[in-house]
């Protein structure tokens with residue numbers, strides 16, 4: 002696979018890892034949730050790295066930051082979906098903690114990355 006410029010962004014790397022794990026873990030969700038929480042969680046997870054990529058392609062820093070903000074919002078949305086999935090018994094404690102740890106790291110790296118590009122030098 003060809004290396005893309007966004008592959009170097011640590012926040013993207015962690016968010017991409019989160020997407021892969023979300024897809025793996027949601028394979029075990031009840032089939033009746035395929036168009037419910039499974040779809041919602043997957044879409045929100047995909048939105049995190051996708052918005053980093055789309056924002057990186059924008060010409061202005063203002064646009065880039067706007068997409069990073071959207072990615073942050075998607076991360077928070079995932080936090081809710083993970084929580085409700087755990088409450089409903091779709092995720093056990095270990096799996097919930099595993100996914101939440103990755104999401105939290107991605108969220109932290111995303112905030113730090115955004116700070117690094119908006120801070121005056």
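Residue numbers (this note's numbering): 2 to 122.
Beta carbons: idealized from backbone N, C-alpha and C, even for Gly.
No experiment lies behind these values; they were computed from the predicted model shown.
- Item | At least 3 beta-carbon pairs within less than 8 Å: the region 70-79 vs the region 32-48 | By the Cβ rule, the region 70-79 counts as touching the region 32-48, because three or more pairs are nearer than 8 Å.
- Query: Can residue 115 and residue 54 be called in contact, C-beta distance under 8 Å?
  - Reply: For the purposes of this step, residue 115 is taken as the residue at position 114 of the chain shown. For the purposes of this step, residue 54 is taken as the residue at position 53 of the chain shown. The Cβ atoms of residue 115 and residue 54 do not sit closer than 8 Å to each other.
- What are the boundary residues of the alpha helix (DSSP H) that includes residue 49? On the chain shown, position 48 is the one that residue 49 refers to. Its alpha helix (DSSP H) spans residues 38-57.
- Message: Going by C-alpha to C-alpha distance, which of 24, 69, 56 sits closest to residue 92?
- Response: Here residue 92 refers to the residue found at position 91 of the chain shown. Restricting attention to 24, 69, 56, the CA atom closest to the CA of residue 92 is found in 24.
- Query: Under 8 Å, do residue 100 and residue 22 count as touching if we go by C-beta distance?
  - Reply: By 1-based counting over the chain shown, the position of residue 100 is 99. By 1-based counting over the chain shown, the position of residue 22 is 21. Yes; because the gap between Cβ atoms is below 8 Å, this pair is in contact.
- For residue 3, name the three-state secondary structure that DSSP assigns. Counted from its first residue, the chain shown places residue 3 at position 2. The answer is coil: DSSP assigns residue 3 none of H, G, I, E or B.
- Terminal residues of the continuous alpha helix (DSSP H) containing residue 93? Stepping through the chain shown from its first residue, residue 93 is reached at position 92. In this chain, residue 93 is not harboured by any alpha helix (DSSP H), its DSSP state being neither H nor E.
- Message: Taking 6 Å as the limit between beta carbons, can you name the residues of its chain near residue 57, skipping five residues before and five after?
- Response: As a position in the chain shown, residue 57 is number 56, starting the count at 1. Within the same chain, residue 57 has close Cβ partners 7.
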